[in-house]
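Notes for the one structure printed next.
In this note's numbering, the protein residues as written are 431 to 708.
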């Protein structure tokens, strides 16, 4: 791998929690940082905060990842602006939601957690794969979760018996399944793809908004994520899911090639429909 101060990293969901901490650490190590968020004011505050803390300027980009056209716009902007991209961290996500809250859909009419936690990351990685390949060695890190639940072929988008926890867990498993598929697609390119559960119920707004008591610190999750970004010993490690800093065990559906093919077809169909319907 290249020295960190010669690498460019894109971090989605960068204005709070794990993403914010990751921006700070990457900047301290001299990486060229592109921080994504959906709120321009919060991004400006983050950039000022990082510059004051590290003496390093970061780049920022605004996009609403619940809108797949915005995902494409983000990817196109990165390709147009940067000659190289060495690390993509798909960190942005939607949590369980407030207890008892109803089903939400994205700008494209897709169940919100599936749209943001899985489809946006899947689409962004696909659109940036060529740039990552020409920048290789490069890494894609998917911030997933140990809270996984097999997708129901009869109701993959949780239209019946909805609750936010079920929808979140299904989306996070889909994200891990996509990690395995993308790793296979990129064999021989010098681009590795890994997924991880950074830590359980970190002390973040997402966790507190879901009515959960924080169980771990953001720092713990940061250390696990940073390892996949920067650890030289992980060069070439791809298609692996980590639970913290150890290799983890996924829901069995992730290891089923037929199930992965079905989820991939569903994902591609939803994306194509979203991009042609408006």
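Quick reminder that beta carbons are idealized off the backbone N, C-alpha and C, glycines included.
In this text the structure is predicted, and so the values were computed from the model without any measurement.
The criterion of a C-beta distance shorter than 8 Å is satisfied by residue 486 and residue 457.
Segment contact: the region 475-486 against the region 500-515, fewer than three CB-CB distances shorter than 8 Å; contact not assigned.
Residue 445 and residue 524 have their alpha carbons spaced roughly 14 Å apart. Secondary-structure assignment with DSSP links residue 694 through no beta bridge to anything. According to DSSP, residue 648 shares a beta bridge with no other residue. Beta-bridge pairing by DSSP links residue 467 to 492. Judged by DSSP in its simplified three-state form, residue 547 adopts helix. For residue 501, no beta strand (DSSP E) run applies; the uninterrupted alpha helix (DSSP H) run containing it begins and ends at 498-511, by DSSP.
Between residue 672 and residue 625, the alpha-carbon positions lie close to 6 Å from each other.
About 4 Å separates the CB atoms of residue 548 and residue 604; that is less than 8 Å, so the two are in contact. In this structure, DSSP gives residue 480 a helical state, which the three-state scheme calls helix. Between residue 623 and residue 668, the beta carbon gap of about 5 Å places them in contact (Cβ cut-off 8 Å). By the 16-neighbour rule on beta-carbons within 10 angstroms, residue 522 is buried. In this structure, the CA atom of residue 498 is about 13 Å from the CA atom of residue 468.
Take the alpha-carbon of residue 500 and the one of residue 507: they are about 10 Å apart. At the C-beta level, residue 440 and residue 655 stay beyond 8 Å of one another.
A distance below 8 Å separates the beta carbons of residue 491 and residue 464.
Within the model, the alpha-carbon separation for residue 611 versus residue 674 is close to 21 Å.
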